[in-house]
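Heads up: the sequence shown begins at 56 in the working numbering, then just goes up one per residue. Glycine included, each C-beta is placed from N, C-alpha and C at the ideal position. Worksheet for the structure shown next.
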Amino acid sequence: MKTVKEITIPLFLSIGFIAMFCSMSTHNTTNWATIPSFTSHSTSPRPNLLSLPKTCRIKRLSSDPYIVCIYDFLTDTEVEHLKTIGQPLLTRSMVVGEETGSAINAHRTSSSAFLNNVESEITKNIQKRAAKLVRANHQDVEALQVVHYKDGQKYEPHYDFFDRSKEGGKTSIGQQGQRMATLLVYLNDIDDDAGGQTFFPKVLNGLKINPKKNMAVFWYNVLPNGKEDERTLHGGLPINKGEKWAVNIWIRDPKIL
Ligand SMILES: O=C(O)CCC(=O)C(=O)O
């Protein structure tokens, strides 16, 4: 007769092998983490990377704050669609105003367009993908915002979370909750010497990311306790050659009011 010990050990090992096999076959990743929530050594939450399409590859750029690149977050078809519907709607970009909703500001010189009036199956699928990544409802994903830069245009370092000490920020938080996470997805490749990198001055002595078509940069704007994470200061460096296209996907947390 088999003892309990003899049966338990092989069962335990086989579960381990199955788990190992599943994690290897799900994504082809570099330096990735699939920890579902928080770790004791990190103050950043963790997204659900397993929710992403199997074709995505992930590269971790910073552990704390947690910042990752997600290669092939969008497909070529999705990128072409976003540019096609976004281009005719582009106008000078705005920032959240001190007093009112939004305002033109010399810190942000690009053109942009929110796609709320031209939503499609494609834009909705992208929003659902983003929501799953942070375990949010798809209603908590803002309308996608297409952004276009040319001729030295830039966005100086700023935060994506709303500043509740300003009237415009307080109003936005009250409407839908704080902006808890950002996916910035590039819609074209940019030459290495063309500028246009996304820049996080407070991360790793200055983290610069070269835009690559279909690739997303993901980070949380707030800490697990809901407090704004000021390490997420970031901007878009001036583009000196050609143009830069991107889409902002901002996800709200209606519990952070
Ligand atoms: O263009 C970039 O690299 C940064 C864009 C950005 O931070 C924004 O639009 O909020």
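Next on the checklist: Given a cut-off of 9 Å on the beta-carbon distance, is the pair Gln-142 and Val-201 in contact?
Outcome noted: yes
Checklist entry - What residues are listed by DSSP as bridge partners for Phe-254? => result Partner(s): Lys-263, Gly-290.
Next on the checklist: I need the DSSP call for Leu-239, collapsed to helix, strand or coil.
Outcome noted: Three-state DSSP puts Leu-239 in a strand.
Next on the checklist: Our contact map puts Leu-292 next to Ala-271 with C-beta atoms below 8 Å; I'd like the distance itself, whole angstroms only.
Outcome noted: At roughly 18 Å, the Cβ-Cβ gap does not stay under 8 Å, so Leu-292 and Ala-271 are not in contact.
Checklist entry - Got a sec: does ligand 1 put a non-hydrogen atom nearer than 8 Å to the Cβ of Leu-239? => result yes
Checklist entry - Going by DSSP, which residues form a beta bridge with Tyr-210? => result Tyr-210 is bridged to Arg-163, Gly-291.
Next on the checklist: Would you call the region 162-170 in contact with the region 115-123, where contact means no fewer than 3 C-beta pairs closer than 8 Å?
Outcome noted: no
Next on the checklist: Taking the straight line between their C-alpha atoms, what separation do you get for Thr-178 and Leu-188?
Outcome noted: 16 Å
Next on the checklist: Between the alpha carbons of Asp-244 and Lys-299, how many angstroms are there, rounded?
Outcome noted: 8 Å
Checklist entry - What are the start and end residues of the alpha helix (DSSP H) that includes Ser-227? => result 222-231
Next on the checklist: Considering only heavy atoms of ligand 2, does any lie closer than 8 Å to the CB of Asp-215?
Outcome noted: In terms of ligand content, the structure shown lacks ligand 2 and carries ligand 1 instead.
Item to check | Outcome for Pro-256 when other beta-carbon atoms lying within 10 angstroms are tallied against a minimum of 16 | outcome: exposed
Item to check | heavy atom of ligand 1 below 8 Å from Ser-383 C-beta | outcome: Absent from the model: residue 383. The displayed extent of the chain is 56 to 312, so no value can be given.
Checklist entry - According to the Cβ coordinates, are Leu-262 and Pro-212 closer than 9 Å? => result no
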